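Undergrad: A single structure is presented below for examination.
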């Protein structure tokens, strides 16, 4: 078998000595010159800007405004429905609390028996229970 020549053997003797590490990197630094741009002899195509007439632009603007109003109405109706639901739930909770307070007060008064005329016409509550003296304020507290 013949021994192949190493890169050192292929270099001419007159060339300057190059380190082996430089020789290893040398193929990676080969630069190519870009080809010059060719000028075409044919007609040059230019892009045309689509020219819309003013009536078409006005139609597009009206369509856009109509779409914006339609979208706003839809979004606003959803917001309004949500607000109404929240208020309805708040009102239901308040009326439930009022109903509970009225029932508790009525049950307390009813459990004391039938009041006499003097007890029924006096300014303070019939019962001395704190729950019957409590005025509903929307909060749980004694006035």
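In full-length UniProt numbering, the protein residues as written are 1 to 143.
Ideal placement from N, C-alpha and C gives every residue a C-beta, glycine not left out.
Please read all numbers here as calculations on a predicted model, not as lab measurements.
1) Rounded to the nearest angstrom, what separates residue 90 and residue 81 at their Cα positions?
2) Classify residue 71: buried if its beta carbon has 16 or more other beta carbons within 10 angstroms, exposed otherwise.
3) Does residue 100 pass the burial test, meaning 16 or more other C-beta atoms within 10 Å, or should it be called exposed?
TA: Well, looking at it:
1) 14 Å
2) exposed
3) exposed
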